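Numbering of the sequence shown is given in full-length UniProt numbering, commencing with residue 1 and proceeding in unit increments. Every residue, glycine too, gets a C-beta built ideally from N, C-alpha and C. Quick caveat, the model's predicted, so the values are computed rather than measured. Reading through the structure tokens given below for one structure.
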Amino acid sequence: MRNQFLDKQKKIVVGDPMTDAIWDSFLPQKFQILSPYQWTPISVIERTWKFLSEDEVKSVVDLGSGVGKFCIYLSLVSGKSFPIFGLEDREELVLVSKSIADHWGTENVQWKTTNFLKQFPFGHSHYYCFNPLYETMKGHHSIDDSKEKSAGQFVKDLQTFKQNLVLLPSKTKLITFHGFGGSYLPGFRTILKEEIAGGEFRVWEKE
């Protein structure tokens, strides 16, 4: 299949729009099926870039980066203007991410196979997550069966996540799509809240 938004030098072709269908077509079939539930929509990534383009960005981390869709497309639309890090605890998804990133030449994106709840990546200006605790509570549209699904595990993970976020320095931004797992985040204020692609897009700032 012809790459419909990159030319031979792996650059975005101006005027050739990106869609979820095009991006997802580069994924293995089993991961294409999960796209509406697990991978960030293109419109959300483009809205994220619009916000970031007007902010002071040192680096961006995707907490639970999946197949790398957010990191790779953000790198492309931003012109690789800042470092991006994808954290994912499933090795198979990291390998898929690296393969696509290599194909599109997004050298500013780095990947790490790790659980961000256990090894939180402090030291960045912006963090992003797409409902990262979803699979702990839901049995539908799961990536696999590797995650324990129970209310108790969800509460435990949410508490750990919030404890890490509270330690972030003032002015740090957390960008969420479909939330972070809770409705209240101590020490943060909401600076942007919109509905995009059927979900809540929200930017939190550490006070």
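**Study point:** Contact set for ALA197: own chain, Cβ-Cβ below 6 Å, skip 5 residues either direction
**Key:** PRO41, SER43 and VAL44
Review point. Whose CA, out of THR19, TYR128 and MET18, lies closest to the CA of VAL61?
Key: TYR128
Review point. Taking the C-alpha atoms as reference points, what is the distance between GLY79 and TRP104?
Key: Roughly 12 Å between the two C-alpha positions.
Point to revise | Neighbourhood of GLU207 by C-beta distance below 7 Å, restricted to the same chain and skipping five residues each side | key: SER170, GLY187, PHE188 and ARG189
**Study point:** Spatially closest choice to VAL67 from LYS156, ARG202, PHE85 and LYS173, by CA coordinates
**Key:** PHE85
**Study point:** Residue(s) in a DSSP beta bridge with TRP23
**Key:** Looking at the DSSP assignment, TRP23 forms no beta bridge with any residue, so it has no partner.
Exercise for review: Express the C-alpha separation of THR176 and GLU205 in angstroms, rounding to a whole number.
Suggested key: 11 Å
Point to revise | Cβ-Cβ distance between SER59 and PRO36 below 8 Å | key: Taking 8 Å as the Cβ cut-off, SER59 and PRO36 do not qualify as a contacting pair.
**Study point:** GLY199 (DSSP reduced to helix, strand or coil)
**Key:** strand
Check your understanding: Who are the Cβ neighbours of LEU165 in its own chain at under 7 Å, not counting the five residues just before and after it?
Key -> LEU174 and LEU185
**Study point:** Sub-8 Å separation of PHE161 and GLY181 beta-carbons
**Key:** Yes, these two residues count as a Cβ contact at 8 Å.
Review point. Run through DSSP, which three-state label would PRO17 get?
Key: coil
**Study point:** Residue-level contact to chain B via CB, GLN159, 8 Å cutoff
**Key:** In the structure shown, chain B does not exist; there is a single protein chain.
Review point. Which residues mark the beginning and the end of the alpha helix (DSSP H) in which GLN163 is found?
Key: For GLN163, the enclosing alpha helix (DSSP H) stretches over residues 151 to 166.
Practice item. Please go through the same chain and pick out, in chain order, the residues whose beta-carbon is closer than 7 Å to the beta-carbon of LYS98, but skip the five residues on each side of it. Key: For LYS98, where only same-chain residues beyond five positions count, the Cβ hits under 7 Å are TRP111.
Check your understanding: Exposed or buried, which one is ALA101 when buried takes at least 16 other CB atoms within 10 Å?
Key -> ALA101 should be labelled buried.
Practice item. Can you tell me which of the three DSSP states GLU135 falls into? Key: helix
Check your understanding: When the Cα atoms are used, what is the spatial distance from PHE154 to LEU133?
Key -> 7 Å
Exercise for review: Under 6 Å Cβ to Cβ from LYS193, same chain only, skipping five residues before and after it: list those, please.
Suggested key: ARG202
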